[in-house]
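Chains E and H are the protein sequences, given in the same order.
Mapping the first sequence onto our numbering, position 135 (from 1) lands on 135, and the numbers just tick up by one.
Mapping the second sequence onto our numbering, position 224 (from 1) lands on 224, and the numbers just tick up by one.
In this text, a Cβ means the ideal position worked out from N, Cα and C, and glycines have one as well.
Notes for the one structure printed next.
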Amino acid sequence: MTPATAAVAAPGTQSFRLGIIIPALIFALLAVLPAAALATAHDYLLDLFTRVMIFSVAACALDLLLGYAALVTFGQAAFVGLGAYAVGILASHGIGDALIALPAALAVAGLFAFVTGIVCLRTKGVYFIMITLAFGQMTFFTASALAPYGGDDGLTIASRSTIAGLRLLDSPLSFYYVALACLLVTFLFCRMLVVSRFGRVLRGAKENPVRMTTLGYAVYRFQLAAYVVAGMISGLAGFLLANATEFVSPAYMSWQRSGELIIMVLLGGMGTLYGAIVGTAAYLLTEEWLSGVTEHWKVIFGPALVLIVVFARGGLIGAVGAVAESARRWRGD
Amino acid sequence: MSLTFLIVQTLNGLQLGVLLFLIAAGLTLVFGVMDFINLAHGVQYMLGAYFAVTFYSLTGNFLLALLLALAATLVFGTVLEFLIFRHLYGRDHLDHVIATFGIILFLNSAVKIVWGAAPLSLPIPEVLSGSVLLMDGLLYPVWRLVIIGSGLAVAVLLYVFVNHTRIGMLVRAGSTHAPMVAALGVNIGRLFTLVFGFGAMLAGFAGVMIAPILSVEPGMGDTILILAFVVIVIGGVGSIRGAFIAALLIGLVDTLGRSFAVDILRLVMAPSPARTVGPALASMLIYLLMAVVLYLRPTGLFPARGR
């Protein structure tokens, strides 16, 4: 074990083992899911889980900020929306190749993160939450006012992006695996980031910003870099989302969407990265299931959220950990 | 652009401003005193409007409906505080955000179940309907003037209440030194409940007053909530005075920006791009204003002392 991995959790401990087993399990399940979906003729599962993976990409980015940098941002959906709009606007001008659209999506989201981050990160606590929320709303209303690109109604994309001229994203199955690859790369990249020196400075600043500053780290710059990285990853999610739905709309950037992303991260348990994936799956599958039961599914889901916050802190992963812990104690080791 | 149009838009801006103040006042007090982020505050505004519609259809009297709706939002806010929010004080801000977000999801859907998804309307009271001639060629709806007047009256009452009463003194003390106030023998929990219920009632009042102009529909509180957040962030969290000034500022900038952005842009660019850029720029204006204020003063224009 390198010292870097030890910083996440001591080798041999419960959470360290969970940190290897759970992600491996998640990705193995996601890799074999299409076979099961096709074998049982439940094709909709493919679309549903593609959606889960796309939002998981954004949720991982958000977890980087929430769980590791303690930056409670309420405007993450804006970056997803910017990425999606980059695809939509380029497509409407006849540029539909991912080799241009993807870098554009990342650049737009990253640039917006950089510019707004400069202002946002000067503020702390409540002000930070509010100012990120406000910038999110700003993009929302700006997109709504973009009359040439659909305005309120959104923009339909004629066809999915090509990759170097090849129509690789057209079939649901290949799109599924592209999304899976994006999620895997995102997960590994974020994982690498949080165990690196960069990640440790962020986590140190989360615990005690004053101490990190006196140690000589320019905390502001590290946080800004994290904010930009998270923005760009969300832009990637936006690129995928626009291609999945072949449609972009201001609704992608609404503050409710940002709230949902936070819930996804919290539901799984923040500060683990794989918790974000579990939480996203839990949220979207619950939504799918409840909305099939009743159109007023939020009447059930809303109070459930309140109960989770009041009683079950640490999310699903936290609950699993707690159960595993008590089982271990019960066995007496 | 004529002078009358400018005056009309200025009055509209003032009207939006006082409306924002009514909502932001409760929000900033809850923030300041309890350090609690209440996203569900916009829901109180929506409920105020819905309650007023129901009580109006029951009583047929606007004033009675207003009073009953105020009482109902007060009770509702207090119950919400008692059942849920008091368990979350002292928790992480993230917990506040999620729990109150859950309440928004629930209430927006519950309103659809109870009142239906279709927009409802509340008539303007007979005496106050119609328009009044303010100056030559300037007719202005009486009800909008009533909103401005009642908002300003609430602002004055609130000023007197916070600065010149005993409870107001406790609220001010509680907003900066809550543990000390508790140590001096004040039941800080009861004070919190009171502030919360009162803030909910103010938001409800805003909802009732705006209901005759806007349509009453689910989710109507969500957009105004964000504006109220912008107001309290610019004004400085916890400061009523800051909220008042920022509310009027936001109301005026937003309304005038939307009315004149295209005209102003046409001075510097061709008409057709101006018509495209204008609305987009106008809707960004208040957020840009907020960004500039926070860049220069990260804790707002009038930060409450001690935080």
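At least one CB of chain E lies nearer than 8 angstroms to the CB of H:Ala280. Excluding its 5 nearest sequence neighbours in each direction, E:Ala84 has C-beta neighbours in its own chain below 6 angstroms: Gly238, Leu241, Ala242, Val248 and Tyr252, listed in chain order.
Here the region 97-105 of chain H makes contact with the region 293-311 of chain E; the two share three or more CB pairs at distances below 8 angstroms. The beta-bridge partner set that DSSP reports for E:Val248 consists of E:Leu155. Cβ proximity to chain E below 8 angstroms picks out Ala99, Phe101, Gly102, Ile103, Ile104, Leu105, Phe106, Leu107, Asn108, Ser109, Ala110, Lys112 and Ile113 from the region 99-114 of chain H. The residues Thr78, Glu81 and Phe82, in chain order, have a CB closer than 7 angstroms to that of H:Thr193 in the same chain once the five nearest residues on each side in sequence are set aside. Within the region 97-148 of chain E, the runs of alpha helix (DSSP H) that reach at least 4 residues and sit entirely inside it are, in chain order, 98-120 and 125-145. For the pair of segments examined, the region 52-60 of chain H was found to touch the region 206-216 of chain H: the number of CB pairs separated by less than 8 angstroms reaches three. Below the 8 angstroms Cβ cutoff, chain E contributes Met138, Phe141 and Thr142 as neighbours of H:Met284, in chain order. Fewer than three pairs of CB atoms, one per stretch, sit closer than 8 angstroms, so the region 148-168 of chain E makes no contact with the region 282-295 of chain H. In chain order, Ile131 and Ala134 make up the part of chain E whose C-beta sits under 8 angstroms from the C-beta of H:Met290. For E:Gly199, the closest alpha carbon among the candidates E:Glu288, E:Pro23, E:Pro303 and E:Tyr217 is that of E:Tyr217. Per the DSSP secondary-structure output, H:Pro141 pairs in a beta bridge with H:Ser131. Beyond the five residues adjoining it in sequence on each side, H:Leu107 comes within less than 8 angstroms, by CB distance, of Ala40, Val43, Met46 and Leu47 in the same chain, given in chain order. With a threshold of 8 angstroms between beta carbons, E:Lys298 makes contact with chain H. At a cut-off of 8 angstroms between beta carbons, E:Ile263 contacts chain H. A distance below 7 angstroms between beta-carbons, with the five flanking residues on each side excluded, links E:Gly136 to the following residues of its chain, in chain order: Phe74, Gly75, Ala77, Ala78, Met253, Trp255 and Ser258. At a cut-off of 8 angstroms between beta-carbon atoms, E:Leu285 makes no contact with chain H.
Counting only unbroken stretches of 3 or more residues, no beta strand (DSSP E) element lies wholly within the region 44-91 of chain H.
Close CB contacts of E:Ala31 within its chain, under the 8 angstroms cut and outside five residues either way in sequence, are with Leu180 (chain order).
Residues of chain H with a Cβ closer than 9 angstroms to the Cβ of E:Trp289 do not exist; the shortest Cβ-Cβ separation is about 16 angstroms.
DSSP, read as helix, strand or coil, puts H:Val230 in helix. H:Ile23 has its alpha-carbon roughly 7 angstroms from the corresponding atom of H:Ala206.
Counting only unbroken stretches of 4 or more residues, the alpha helix (DSSP H) elements lying wholly within the region 248-327 of chain E are 255-268, 274-293 and 298-311, in sequence order. For E:Gly302, the residues of chain H that pass the 9 angstroms Cβ criterion are Phe101, Gly102, Ile103, Ile104, Leu105, Phe106, Leu107, Asn108, Ser109 and Ala110, in the order they occur in the chain. By the Cβ rule, the region 244-263 of chain H counts as touching the region 228-235 of chain H, because three or more pairs are nearer than 8 angstroms. Following the DSSP letters along the chain, one finds H:Phe196 inside the alpha helix (DSSP H) bounded by residues Ile188 to Ile210. The criterion of a C-beta distance shorter than 8 angstroms is not satisfied by H:Thr255 and H:Leu63. With a cutoff of 8 angstroms on beta-carbon distance, H:His93 and E:Val72 are scored as near each other. Per DSSP, the continuous alpha helix (DSSP H) segment holding H:Asn12 begins and ends at Leu3 to Met34.
With fewer than 16 other Cβ atoms inside 10 Å of its own Cβ, E:Arg221 counts as exposed. Cβ atoms of H:Ala25 and H:Ile240 come within 8 angstroms of each other, at about 6 angstroms. The C-beta distance from E:Ala58 to E:Val80 rounds to 5 angstroms, short enough to meet the 8 angstroms contact threshold. Looking at the backbone, the Cα of H:Leu139 and that of H:Thr165 are separated by about 40 angstroms. Around the beta carbon of E:Lys298, 16 or more other beta carbons sit within 10 angstroms, so the residue counts as buried. E:Ile22 places its beta carbon less than 8 angstroms from that of E:Tyr274.
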